[in-house]
Amino acid sequence: MKTLTGLLPDKYRSAARFVLVGAFGTGVQYGIYYLLLGVFQQQWPEVAILTSVAFAIGFVVEMICNYFLTSFYTFGVQPSWKNATGFLLGRGINFVIQLVILNTLIWLHMSERWAGILAIALAGIINYFILLPFYKNKEN
Numbered sequence: 085m086k087t088l089t090g091l092l093p094d095k096y097r098s099a100a101r102f103v104l105v106g107a108f109g110t111g112v113q114y115g116i117y118y119l120l121l122g123v124f125q126q127q128w129p130e131v132a133i134l135t136s137v138a139f140a141i142g143f144v145v146e147m148i149c150n151y152f153l154t155s156f157y158t159f160g161v162q163p164s165w166k167n168a169t170g171f172l173l174g175r176g177i178n179f180v181i182q183l184v185i186l187n188t189l190i191w192l193h194m195s196e197r198w199a200g201i202l203a204i205a206l207a208g209i210i211n212y213f214i215l216l217p218f219y220k221n222k223e224n
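Under this note's numbering, the first residue of the sequence shown carries the number 85, and numbering increases by one thereafter.
Below you can see the structure in the form of structure tokens.
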């Protein structure tokens, strides 16, 4: 039985898997952000920095899940120091981009809830291309 990505030509499979893993990761990150944002806004509404703290906590949990899914499922490789280094570098860059987008959108008066999901989605698009060189086999 072929999976959905197994029906695709070889050159598109890792990109399709990346999208699936990214969608799952986005759900994890945004779900944690959304829940913590509600708690923080209820408990400490005057502390604006807690929006970024909620976002960062969601990001860290998502990053751990995403590393293993990206290694095993997206690229079909074992975790290694090489791909862990590339992954952390790429995700670090991605996180900075996400925070800049998040805070820019909030500064432009977008709802914190909508700004969070938009920031994750926009920054995620470039992440695939940042990570690709760290996961490609020399034979590919």
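Glycine included, each C-beta is placed from N, C-alpha and C at the ideal position.
Taking C-alpha atoms, which residue in the options lies nearest to residue i?
i	options	result
Val168	Ile201, Val180, Ile214	The sequence given here places Ala at residue 168; Val does not occur at that position. It is Ile214.
Ile185	Ala132, Asp94, Phe139	Phe139
Arg175	Glu130, Leu91, Gly106	Gly106
Pro163	Leu172, Leu92, Tyr151	Tyr151
Val145	Leu120, Ile133, Pro129	Leu120
Ile116	Ile141, Ala99, Ser155	Ile141
Ile171	Gly160, Leu92, His193, Met147	Here residue 171 is Phe; the residue named in the question, Ile, does not match the sequence. Ranking the options by Cα distance to Phe171, first place goes to Met147.
If you run the structure through DSSP and keep just helix, strand and coil, what is residue i?
i	result
Trp165	helix
Ile210	helix
Pro217	helix
Phe124	helix
Val131	coil
Ser98	helix
Gly106	helix
Beta-carbon within less than 6 Å of residue i's beta-carbon, same chain only, minus the 5 sequence neighbours each way: which residues are those?
i	result
Arg101	Thr89, Tyr157, Thr158
Tyr179	The question names Tyr, yet the displayed sequence has Phe at residue 179. Cβ neighbours of Phe179 beyond the five flanking positions: Phe143.
Ala203	Gln182, Ile185, Leu186
Thr135	Glu196
What is the residue span of the alpha helix (DSSP H) that residue i lies within?
i	result
Ser136	134-153
Please list, in chain order, all residues of the same chain as residue i whose beta carbon is under 7 Å from its beta carbon, the five residues on each side excluded.
i	result
Cys149	Gly109, Val112
Met85	Unreliable positioning characterises Met85 in this predicted model, as indicated by a pLDDT of 45, which lies under 50. A coordinate reading is not provided.
Ile177	Ile214
Trp191	none
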